[in-house]
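Undergrad: First the structure, which I've put down as structure tokens, then a few questions once you've had a look.
Residue numbers (UniProt numbering): 1 to 328.
Printed below as a string of structure tokens:
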């Protein structure tokens, strides 16, 4: 073996080991004192073990009374799924807006995210996320009134998970709100080199980091960028993406796009024109190829990836509430 080959091999091995050590130890729950102030709005929650034995966090927030008698039932129940490297607590303001509009909201942290157990940002099999969400839907349907319609909202990777739910269990939800869904990835990230590395190392060195942390361009407000980076429950701008994670997400996008004509569940897709993570052509492709007869697309000029947290994000929240209440 030549010196050059040995050197390259040693370098790759060293990076892989460092990536493994960087990601692997996070398979635990941090003490409450480690949680950022923004996340302390979710102090109690509900806990269950998933099929892999990991502790999963979720919490339900009841709708505010909407009738003059103060006893009106919720208009709808919404299950919210956050995006990659995020956690449910980052969307506490959305929960407040939805419950004020008479919508009960359940949030959950995906495995490897937020409070839930699992290697940080590591996706062993994308179906694991889908199954965890399906199990959460089952629990919600057991607990809620049969007359209350259940919707699912997914942001970014959460939107991709929601589309998977709609394809596999179309009767599980009344409709889907897809916020900047990961149906197409920034071509600067989704390169031939990245795909090749992801596919190769996902089998041989699945924890090897192949894509650096990226957050610039997610928000228009620099203060929100700084807050996300400082958030100890978020990996935005902090953690590298492991090879297996990249391979699973990219592979699932390809799989879903190939069968979109089978998607019949009503949905609204929300997309910003300046989104550099889940690019606008993904939302366009979803809208054009999905088989749903009740489908809506809303495009927000100048908005970045984190739609509801853009300076004029209130209009997005209003569109979400109106779409749900019109179907409840």
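For each residue, glycine too, the CB sits at the ideal point set by N, CA and C.
Just checking, does the stretch 179-197 make contact with the stretch 282-297 on the three C-beta pairs under 8 Å criterion?
TA: Because the criterion of three Cβ pairs below 8 Å is met, the stretch 179-197 and the stretch 282-297 touch.
Undergrad: Taking residue 309 as the reference, give the member of 223, 290, 253 with the closest Cα.
TA: Closest by alpha carbon: 223.
Undergrad: Given this structure, state the Cα-to-Cα distance separating residue 211 from residue 72, to the nearest angstrom.
TA: Rounded to the nearest angstrom, the two C-alpha atoms are 49 Å apart.
Undergrad: For the putative contact between residue 103 and residue 133, defined by C-beta atoms under 8 Å, what is the C-beta separation to the nearest angstrom?
TA: That belief does not hold up - the Cβ atoms of residue 103 and residue 133 are roughly 18 Å apart, past 8 Å.
Undergrad: So what's residue 243 in DSSP terms, helix, strand or just coil?
TA: Note: residue 243 maps to helix in three-state DSSP.
Undergrad: Which value, in whole angstroms, describes the spacing of the CA atoms of residue 196 and residue 209?
TA: Cα to Cα, the separation comes out at about 13 Å.
Undergrad: Out of 268, 299, 113, which one is the CA nearest neighbour of residue 236?
TA: The option with the nearest alpha carbon to residue 236 is 113.
Undergrad: If you follow the beta strand (DSSP E) that residue 300 is part of, which residue opens it and which one closes it?
TA: Its beta strand (DSSP E) spans residues 295-300.
Undergrad: Applying the 10 Å Cβ sphere with the 16-neighbour rule, what's the burial state of residue 241?
TA: Residue 241 should be labelled buried.
Undergrad: Closer than 8 Å is the cut-off here; do at least three beta carbon pairs connect the stretch 190-207 with the stretch 162-176?
TA: Taking 8 Å as the limit for Cβ pairs, the verdict is that the stretch 162-176 does not touch the stretch 190-207.
Undergrad: Is residue 245 closer than 8 Å to residue 57 when the C-beta atoms are compared?
TA: It is not a contact, given that the beta carbons lie outside the stated cut-off.
Undergrad: Quick check: residue 74 and residue 192, are their CB atoms within less than 8 Å of each other?
TA: No, they are not a contact pair.
Undergrad: Would you call the stretch 255-275 and the stretch 225-233 in contact, with 3 or more CB pairs under 8 Å?
TA: No, they do not touch.
Undergrad: Short of 8 Å in beta carbon distance, which residues of its chain neighbour residue 291, apart from the five on each side in sequence? Order them along the chain.
TA: Within the same chain, residue 291 has close Cβ partners 260, 261, 262, 263, 264.
Undergrad: Looking only at its own chain, which residues have a Cβ that is under 7 Å from the Cβ of residue 85, when we skip the five neighbours before and after it?
TA: Cβ within range, chain order: 121, 234, 235, 236, 239.
Undergrad: Am I right that residue 228 and residue 215 are in contact with their C-beta atoms under 8 Å? What's the rounded C-beta distance?
TA: 6 Å between Cβ atoms; contact.
Undergrad: Leaving aside the five residues before and after residue 256 along the sequence, list all residues of the same chain whose C-beta is less than 6 Å from its C-beta, in chain order.
TA: Contacts found: 163.
Undergrad: What runs of the beta strand (DSSP E), each 3 residues or longer, lie entirely inside the stretch 92-131?
TA: If we require 3 residues or more, the beta strand (DSSP E) runs fully inside the stretch 92-131 come out as 103-108.
Undergrad: Buried or exposed: which applies to residue 46, given that a residue is buried once 16 or more other Cβ atoms fall within 10 Å of its Cβ?
TA: Label assigned to residue 46: exposed.
Undergrad: Under 8 Å between the Cβ atoms of residue 152 and residue 79?
TA: Yes. Within cutoff.
Undergrad: Along the alpha helix (DSSP H) that carries residue 209, what are the first and last residues, could you check?
TA: Premise fails: residue 209 lies in the beta strand (DSSP E), 209-211, not in any alpha helix (DSSP H).
Undergrad: Assuming residue 77 contacts residue 140 (C-beta within less than 8 Å), just tell me the rounded distance between them.
TA: The pair is a contact, with the Cβ atoms about 6 Å apart (cut-off 8 Å).
Undergrad: Since residue 154 and residue 81 should fall inside the 8 Å C-beta cutoff, what is the C-beta to C-beta distance between them, to a whole number of angstroms?
TA: Going by Cβ atoms, the distance from residue 154 to residue 81 rounds to 4 Å, so yes, they are a contact pair.
Undergrad: Is the beta carbon of residue 119 sitting closer than 8 Å to the one on residue 317?
TA: Not a contact, by the Cβ cut-off of 8 Å.
Undergrad: Given this structure, state the Cα-to-Cα distance separating residue 53 from residue 117, to the nearest angstrom.
TA: One C-alpha to the other measures close to 9 Å.
Undergrad: Comparing C-alpha positions only, which one of 105, 55, 278, 268 sits nearest to residue 293?
TA: The residue with the shortest Cα to Cα distance from residue 293 is 268.
Undergrad: Thinking C-beta only, is residue 270 closer than 8 Å to residue 221?
TA: Contact flag unset, no.
Undergrad: DSSP three-state label for residue 262, please.
TA: It is helical.
Undergrad: I think residue 305 touches residue 288, with their Cβ atoms under 8 Å apart; what is that distance to the nearest whole Å?
TA: That belief does not hold up - the Cβ atoms of residue 305 and residue 288 are roughly 21 Å apart, past 8 Å.
Undergrad: Express the C-alpha separation of residue 325 and residue 66 in angstroms, rounding to a whole number.
TA: Answer to the nearest angstrom: the Cα atoms are 12 Å apart.
Undergrad: For the alpha helix (DSSP H) that contains residue 197, what are its first and last residues?
TA: Unbroken alpha helix (DSSP H) run through residue 197: 192-204.
Undergrad: Check this for me: beta carbons of residue 157 and residue 83, under 8 Å apart or not?
TA: Contact flag set, yes.
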